[in-house]
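Numbering-wise, the sequence shown is residues 60 to 555 according to my numbering. Don't be surprised by glycine CBs; every beta carbon is placed ideally from N, CA and C. Since this is a predicted model, take the numbers as computed values, not measurements.
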Amino acid sequence: MKDNTSLTMAKNKIGSIYRRGARRWRKLYRINGHIFQAKRFNRKAFCAFCHDRIWGLGRQGFKCIQCKLLVHKKCHKLGNKPCSNEHVEPVFKERDHHDPNDESSTGDVMQAPLDYPSELHAGDGCDQVPVEASDNVEEPLEPVSQRQYSLNDFELIRVIGRGSYAKVLMVELKKTRRIYAMKVIKKALVTDDEDIDWVQTEKHVFETASNHPFLVGLHSCFQTPSRLFFVIEFVRGGDLMFHMQRQRRLPEEHARFYAAEISLALNFLHEKGIIYRDLKLDNVLLDHEGHIKLTDYGMCKEGIRPGDTTSTFCGTPNYIAPEILRGEDYGFSVDWWALGVLLYEMLAGRSPFDIAGASENPDQNTEDYLFQVILEKTIRIPRSLSVKAASVLKGFLNKNPADRLGCNRDSAFMDIVNHSFFKSIDWEMLEQKQITPPFRPRLDSDRDLANFPPEFTDEPVHLTPDDDRVIDKIDQTEFEGFEYVNPLLMSLEDCV
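Written out as structure tokens, the structure reads:
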């Protein structure tokens, strides 16, 4: 029997501070009095230090917001000239010069959330951003070796989701009649600063994820003058947020199963050098059998080796780890913190940072207040939970990342595998999907949308007409090489 009160409370939480979408806060880089901000320039912008061109994917440039000096990201620490606070005419010139393939590195970083209190700005740190060789990201796909898809190959069926930057549709590939999800991103929303790099990262992670049973994989990518399209697996069972709204809380056996599969997915990403950074109920999908799949890689960070750190202030507010809020450099630890928050929500039916009456008190229903609670509040474990469940929650929700479960430099993931809460799990069978899930979503067909919120599925299915004035402002060369087709899926479709 459903608990209508808890269901109503859960629905109300959707619009609260706890359920605001993931986002990044802008960074400012302070060197010799300069305050640099990441920017993208046209082909005519040249670095004031090395005099090479600043242009293209992986060729990120910085612009001082005071004197307007333009430099490569990789060069911004090398110049000795202090900022004069006076306008410097930027270097723009006609020249055909090819940038060398250099890895970019950054200097001291100050996080600068546009609306975040100064006392919680991140401190100095190093955000290492390995850059792929230009041959891998800038060359258009050869049509003789790669099939390419277009919007005409798909029938748009329903809206099934919407995020900060994208709309997600249920679509049918006309040739095979197979159902997929299609993530649609307007180019006008991602042409500024670091946004294009984030889209490229999401594409890379989607490609990597295609080989794992608990991660949503990629079918293909294509573009129009106004939009980018990711065609991905359609996972029919809905997300954990949808099911938690109806169940209030889960039995420990159910929560253990989901947490274990999520752990395998996170560990796979970590082994590939990827921090997920956006684990939450909304991003954990259930397939038709009841196994989980993580989705939405827009917040991922690539190129992280053991011991490496990054410093971007990003995430969904309720799941952001304390070390991010403290402005510290961080690594894979933030994903295990988020798993602790999610596991707490599954077991307790509420966030560990819930504040009684906060929704009625405007001063408490803010990001600033939530961040203060995450940093300072002692997390209370419900007495109704078992000793093992309480132990694993305390392990994941340790505010010191060095002592957090899964974060030991030597034992790392094995500490999770060997924890008493997961003792009943056969991890090899789990990874092979040989363990029967505790819950199987009810589905009448491969197009059944009963497990998706009606606020999405009731939306009209159409893409707004292109605005030529907007398209004219988009530099289409920024998106060269975006097209992609999964070779395995392509060969399977050839057999149809």
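If the criterion is Cβ atoms closer than 8 Å, does the pair residue 496 and residue 273 meet it?
no
Cα separation between residue 403 and residue 387?
24 Å
Which word fits residue 132, buried or exposed, when buried means at least 16 other C-beta atoms lie within 10 angstroms of its C-beta?
Counting of Cβ neighbours within 10 angstroms places residue 132 among the buried residues, the total reaching 16 or more.
Should the stretch 218-237 be called in touch with the stretch 538-547, which here means at least 3 C-beta pairs below 8 Å?
No contact exists between the stretch 218-237 and the stretch 538-547.
Between residue 339 and residue 286, how many whole angstroms is the CB-CB distance? I'm expecting something under 8 Å.
Not really, about 25 Å apart at Cβ, beyond 8 Å.
Which value, in whole angstroms, describes the spacing of the CA atoms of residue 258 and residue 374?
16 Å
Measure the C-alpha to C-alpha separation of residue 514 and residue 361 and round it to an integer number of angstroms.
33 Å
Taking the Cβ atom as the reference point for each residue, do residue 265 and residue 233 lie within a distance shorter than 8 Å?
no
Per DSSP, what kind of secondary structure is residue 304 in: helix, strand or coil?
helix
Decide if the stretch 317-331 is in contact with the stretch 468-481; the criterion is three or more beta carbon pairs, one per stretch, under 8 Å apart.
yes
Cα separation between residue 415 and residue 302?
Each residue's CA atom was taken as its position, placing residue 415 and residue 302 some 23 Å apart.
Using 8 Å as the threshold, is the C-beta distance between residue 278 and residue 294 below it?
Not in contact: residue 278 and residue 294 (Cβ atoms no closer than 8 Å).
Assuming residue 354 and residue 344 make a contact with CB atoms under 8 Å, what is their CB distance in whole Å?
6 Å
Rounded to the nearest angstrom, what separates residue 544 and residue 268 at their Cα positions?
14 Å
Based on the DSSP output, what are the partners of residue 351 in its beta bridges?
345
Can you tell me whether residue 104 is helix, strand or coil according to DSSP?
strand
Following the continuous beta strand (DSSP E) through residue 291, name the residue where it begins and the one where it ends.
286-292
Helix, strand or coil for residue 431, going by three-state DSSP, please let me know.
helix
For residue 15 versus residue 464, is the C-beta distance shorter than 8 Å?
The question about residue 15 has no answer here: the residues shown for the chain are numbered 60 through 555.
Given this structure, state the Cα-to-Cα distance separating residue 395 from residue 321, to the nearest angstrom.
For the pair residue 395 and residue 321, the Cα-to-Cα distance works out to about 10 Å.
Return the first residue and the last residue of the beta strand (DSSP E) that residue 229 is part of.
225-232
Using the beta-carbon count (16 or more within 10 Å), is residue 419 buried or exposed?
exposed
Which parts of the stretch 361-395 are runs of the beta strand (DSSP E), unbroken and 3 residues or longer, counting only runs that do not cross its ends?
none
Specify, as a first and last residue, the run of the beta strand (DSSP E) that residue 241 falls within.
237-245
Taking the DSSP output, what are the residues bridged to residue 217?
229
Please state whether DSSP places residue 447 in a helix, a strand or coil.
Three-state result, residue 447: helix.
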